[in-house]
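Have a look at the structure below before the remarks.
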Amino acid sequence: MKKLKTGIFSGSFNPIHIGHLALANYLCEYEGLDEIWFMVTPQNPLKTQAELWSDDLRLKLVELAIDDYPRFKVSDFEFHLPRPSYSVHTLEKLRETYPGREFHFIIGSDNWARFDRWYQSERIIKENQIIIYPRPGFPVNETELPETVRLVHSPVFEISSTFIREALDTGKDIRYFLHPKVWEAIKNTGKVVQ
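So the number in the numbering used here is just where the residue sits in the sequence shown, counting from 1, plus 10.
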């Protein structure tokens, strides 16, 4: 039986925005993935906890953003793993838990540029399929990529969650950078300065 090609789009999604959604949409429609799981990370070893909105809020916003596209799923898988959560352990657990799926780990070219600093990065490359998407200022030499790694030529979206949070903090109306349901939910949390 053919394994379901499942993209693992892991991130803090603090908050999720249209750049995340458009990229994931592209990977499903153009790059052969059957599904994408938005894996909300509870704690990134490289980020301070203070910057993060609550786990529950970030998970809820992802759910709202993706509920009308059947190939997207939200996952709290990492919430149930030891912290801090390292990608190598998450991917290993996913393969054990879902043997009927072929996982593809999705990262930006900015992360690929510093991938050697990741915990057990060589093992991640050896044991997993990796998809790199372009980020401005971080070109990738395709001829030097390992066998398990491929670069996709998706549209580039210059939007970051930091930009979104800073805009919200200063009272900017940035509704078109967010899924409408996410914008409404954020307004209801009081994170939008009126």
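C-beta: ideal position from N, C-alpha, C; glycine also.
- Message: Out of Lys191, Asn198 and Gly200, which one is the CA nearest neighbour of histidine 27?
- Response: It is Lys191 whose Cα lies nearest to the Cα of histidine 27.
- Which value, in whole angstroms, describes the spacing of the CA atoms of glutamate 157 and glutamate 194? Going by the C-alpha atoms only, they are around 43 Å apart.
- Based on Cα-Cα distance, which residue from Gly17, Thr172, Ile184 and Leu188 lies nearest to tryptophan 63? Closest by alpha carbon: Thr172.
- What residues match up with glycine 17 in a beta bridge as DSSP calls it? Bridge partners of glycine 17: Ile46 and His114.
- Message: With a threshold of 8 Å, are at least 3 pairs of Cβ atoms found where one atom belongs to the region 101–109 and the other to the region 63–74?
- Response: Too few Cβ pairs lie closer than 8 Å, so no.
- Message: Tell me the rounded alpha-carbon separation between alanine 75 and glycine 29.
- Response: When the Cα atoms are used, alanine 75 and glycine 29 turn out to be separated by approximately 12 Å.
- Would you kindly work out how many angstroms separate the C-alpha atoms of threonine 107 and phenylalanine 113, rounded to a whole number? Their Cα atoms are separated by approximately 12 Å.
- Query: Per DSSP, which one or two residues make a beta bridge with isoleucine 26?
  - Reply: Listed as beta-bridge partners of isoleucine 26 by DSSP are no residues whatsoever.
- Message: If you reduce the DSSP assignment to three classes, tell me which class isoleucine 169 lands in.
- Response: If DSSP states are grouped into helix, strand and coil, isoleucine 169 belongs with coil.
- Task: Classify arginine 68 as buried or exposed, calling it buried when 16 or more other Cβ atoms lie within 10 Å of its own Cβ.
- Result: Flag for arginine 68 reads buried.
- Could you spell out where the alpha helix (DSSP H) holding arginine 133 opens and where it closes? Segment 131–137, the alpha helix (DSSP H) holding arginine 133.
- Query: Does DSSP classify leucine 161 as helix, strand or coil?
  - Reply: Leucine 161 falls in the strand class under three-state DSSP.
- Per DSSP, cross-strand counterpart(s) of phenylalanine 82: According to DSSP, which records beta bridges pairwise, phenylalanine 82 is partnered with Ile46.
- Query: Is lysine 15 near glycine 110, with beta carbons less than 8 Å apart?
  - Reply: Using a Cβ distance threshold of 8 Å, lysine 15 and glycine 110 do not count as a contacting pair.
- Task: Per DSSP, which residues does tyrosine 143 bridge with? Please list them.
- Result: Per DSSP, Gly118.
- Apart from the five residues just before and just after phenylalanine 187, which ones in its own chain have a Cβ nearer than 7 Å to its Cβ? Cβ within range, chain order: His27, Ile28, Ile169 and Ile174.
- Leaving aside the five residues before and after isoleucine 196 along the sequence, list all residues of the same chain whose C-beta is less than 8 Å from its C-beta, in chain order. When the five nearest sequence neighbours on each side are left out, the beta carbons in the same chain lying within less than 8 Å of the beta carbon of isoleucine 196 are those of Pro25, Leu71, Leu178, Leu188 and Val202, in order along the chain.
- Item | Beta-carbon gap between serine 95 and threonine 153 smaller than 8 Å | Going by C-beta atoms, serine 95 is not nearer than 8 Å to threonine 153.
- Query: How would you label glutamate 132, buried or exposed, when you count the other beta carbons within 10 angstroms and need 16 or more for buried?
  - Reply: Exposed, since its Cβ has fewer than 16 Cβ neighbours within 10 Å.
- Query: Would DSSP call isoleucine 124 helix, strand or coil?
  - Reply: The displayed chain sequence assigns arginine, not isoleucine, to residue 124. It is coil, neither helix nor strand.
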